[in-house]
Structures are given as C-alpha cells and as structure tokens.
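Single-structure report; data block below.
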Amino acid sequence: MHGDLDNRNLLIQGGRITGVLDWSCACVGDPACDVKVAWAVLDAETRPVFRARLGVDDATWARARGWAVSQAVIALPYYLETYPAIVREARRWLREALADRERPAAL
5 MHGDLDNRNL
15 LIQGGRITGV
25 LDWSCACVGD
35 PACDVKVAWA
45 VLDAETRPVF
55 RARLGVDDAT
65 WARARGWAVS
75 QAVIALPYYL
85 ETYPAIVREA
95 RRWLREALAD
105 RERPAAL
C-alpha cells in the first residue's frame, strides 16, 4: 500500500495518472487504505466507476471510506494554520465520505 494517495502525490497528464510520488510509507497492509483515493481524488460521479472497475467488496469500500474520514480528521487540526490547501482537501474528503454513507452501494 502507498498510504497517502491524494492529489499531492499523483502526477496527472491529459486526465490520466502518469505517476505516483512519495513512497515513504509503502508497506504491506489493508488495501482499503489506498482505495481511499476514491474520496481523495474522485468525485461522486466517478467513484462508482472506479469501484466497479476495481471490483471492491462492501467491507473494503466501507473501510476505505473510514480511511478517508480518519485522514481528514487527522489533517484538519494538524495543518489548520500551516497548510491551507490540504485543509481544503481534507474538508472535501470528509464531506464526500460522509455524504457517501447516505448513498446506496452501486456495483
């Protein structure tokens, strides 16, 4: 797992991911940690496509949403005064992940 997949660590060209940066946390672990990218990068319209193509089961998807919430609530107070861009992103992750709790699973 990468452990920190979000816009800061992805290289994108022409709407496609062309590279991944910052592998300092790379290790073996719960794949849901990296599925969190669904909330860190994608929007409500593209998340179901990502999930369907990845073939993520309900339990992994729920844990991934939990990772998004967890990373957001950790980032918000930590970066509040020092990193406004990540605070904006963390607020979005939190908003999106909590909103998806209300949406039915679409596979």
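Start counting the sequence shown at 5; every next residue gets the next number (the numbering used here). Note that the Cβ used here is the ideal one computed from N, Cα and C, for glycine as well.
Discussion item. Looking only at its chain, what residues have a beta carbon closer than 8 Å to the beta carbon of residue 80, apart from the 5 residues adjacent to it on each side?
Written reply: Scanning its chain for C-beta atoms nearer than 8 Å, with the 5 sequence neighbours on each side dropped, one finds around residue 80 the residues 91, 94, 95 and 98, in chain order.
Worksheet item: Would you report the Cα separation of residue 58 and residue 82, rounded to the nearest angstrom?
Response: 32 Å
Item to complete: Name the two residues that bound the continuous beta strand (DSSP E) containing residue 23.
Response: 20-24
Item to complete: Please report how far the alpha carbon of residue 13 lies from the alpha carbon of residue 24, in whole angstroms.
Response: 6 Å
Worksheet item: What is the rounded straight-line gap between the Cα of residue 55 and the Cα of residue 100?
Response: 15 Å
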